[in-house]
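>
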Amino acid sequence: MAQPPKATILDYFADLDDPRVERTRHHKMVDILAIAICATICGADSWVHIELFGKSKREWFQSFLELPHGIPSHDTFGTVFARLDPMQLQNCFVSWTQAIAELCLARWWLLTARRPDGPMTVLGRRGPFTWSAPGPPSRACPVPRHGVKTDEKSNEITAIPQLLEMLELNGGIVTIDAMGCQREIAQQITEGGADYVLAVKENQRQLHEGIRDLFEGAETLGFDGVPYDCTETVDKGHGRVEHRECWVITDQDCLDYLDPQGIWPQLKATVRVVGHRQTAEGGVSQPRYYISSLAGSAEQLLAAIRGHWSIENSLHWTLDVTFREDQCRVRKDHGPQNMNILRQIGHNLLKNEPTLKVGIQGKRLNAGWDENYLLKVFLG
């Protein structure tokens, strides 16, 4: 039986190990975390800004925090988050979001990659990637967003299994970009009780060419003798028309042709999506290919794929534009990853606050102006 969610978000972070030596612990960890989360919600994006926010709201924070030595300095915030184990902070975040997700009827994890410290670091080297797992893009469900940082000598493939281990996959659908189209990852997903929808590109050349030839050959024959399902959608807006066509083949003979040795776990369907975009400058068409353990309809699989595409336009856009993630200059030790987690926590709290009918930016501004509203957001 699922455990009921605890009273507040801070209850899920109470067991964090304090990285400071005993003699320097002048401020309680829970106070440091609460001030950092509230400041991030209201627009702070550096340790200096977090200190300034704390000092400007000192009387308000004293109404529910102990603050035995007042508001911590920016050096204290920087030191704590530079040393704090990001995996511990991440696990607390996951526990909180999964407790909220128990209220949902289904799980839908979508994995995408982004660089949390911007396209280039101050040293000119490309920043690390964070694999993110937002929840279902639905107003009725919370949107948990988790991340696992990859080190400079690693890559995204090594991070995906770590993230999958942190998630309760049973009964879910996992969609991943082409980088995650690996047999071991598909096996991990199915063993976790979930279905996968994996994009296929040239990194899996034989599989990619096989799917392309299968659909092109079937289309030449008018799909005669090839059982299939098809659906299409048309969207208009922002000066363009987007027409998408989705074909799904679940025929076992066709799947055996693609995977004669049966190396892809529980392969039940292959998918082709062709997007046609028409603008004033002209039209563009692009086919995309997928494999899936879900023997669903074309409508169901297209919905999962489009949900994955929506990440760049929703969560990533929000973190880039509203939270100014790419402009963040935090660089020391674990600081960048922990700041990234603070932004994710702030985003989730704002997203899940339903009473104010405005966008995330409007909610951030209102939280900074109205302490009662900030407390409502913070307490969830």
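1 is the number of the first residue of the sequence shown in this note's numbering; add one for each residue after it.
Glycine included, C-beta positions come from ideal geometry on N, C-alpha and C.
1. Please state the DSSP three-state secondary structure of Ser292.
2. In whole angstroms, what separates the C-alpha of Thr8 from that of Phe77?
3. Scan the region 186-230 and note each continuous beta strand (DSSP E) run of 3 residues or more that stays entirely inside, going in chain order.
4. Work out the CA separation of Gln261 and Leu214 for me, nearest whole Å.
5. Is it buried or exposed for Arg205, if we count other Cβ within 10 angstroms and need 16 for buried?
6. Identify every residue that forms a DSSP beta bridge with Pro287.
7. On a Cα-Cα basis, can you pick out the residue from Leu10, Asp177, Lys376 and Ser95 that is closest to Asn203?
8. To the nearest angstrom, how far is the alpha carbon of Ala36 from that of Gly70?
9. So, with DSSP's three-state summary, where would you put Arg20?
10. So, at 7 Å on beta carbons, what are the nonlocal neighbours of Gly193 in its own chain, with the 5 sequence-adjacent residues on each side left out?
11. Would you please state the rounded distance, in angstroms, between the beta carbons of Tyr12 and Ser95? I believe it to be under 8 Å.
12. Using a 10 Å radius around the Cβ and a threshold of 16 neighbouring Cβ atoms, would you call Asp235 buried or exposed?
13. Where DSSP assigns a beta bridge to Arg244, which residues make up the other side?
14. Compute the Euclidean distance between the alpha carbons of Trp264 and Ile341, then round it to the nearest angstrom.
15. Do Thr175 and Ile305 have their beta-carbon atoms positioned less than 8 Å apart in this structure?
16. On the premise that His308 lies in contact with His276, defined as a C-beta separation below 8 Å, what is that separation, rounded to the nearest angstrom?
17. Should Gln337 be labelled buried (16 or more other beta-carbon atoms within 10 Å of its own) or exposed?
18. In terms of alpha-carbon separation, which member of Leu365, Val241, Tyr290 and Asp224 lies closest to Lys201?
19. Quick check: what's the CA-CA separation for Val271 versus Asn366?
20. Just how far apart, CA to CA, sit Arg139 and Asn352?
21. Going by the DSSP bridge assignment, what does Ile249 pair with across the sheet?
22. What residue from Glu219, Phe93 and Glu165 has the CA that sits closest to Tyr343's CA?
23. Using the C-alpha atoms, what's the distance from Val273 back to Asp287?
On the basis of the data shown:
1. strand
2. 22 Å
3. 195-200
4. 17 Å
5. exposed
6. Val274
7. Asp177
8. 14 Å
9. coil
10. Leu169, Asn170 and Gly171
11. 5 Å
12. exposed
13. Thr233 and Gly275
14. 34 Å
15. yes
16. Going by Cβ atoms, the distance from His276 to His308 rounds to 19 Å, so no, they are not a contact pair.
17. buried
18. Tyr290
19. 44 Å
20. With a pLDDT of only 35 at Arg139, under 50, the local geometry of the prediction cannot be trusted, and the value read off the model is given with reservation. C-alpha separation (whole angstroms): 8 Å.
21. Thr270
22. A small correction: the amino acid at residue 343 is Arg; Tyr does not occupy that position in the sequence shown. Nearest C-alpha to Arg343: Phe93.
23. Sequence check: residue 287 is Pro here, not Asp. Looking at the two C-alpha atoms, the distance is approximately 6 Å.
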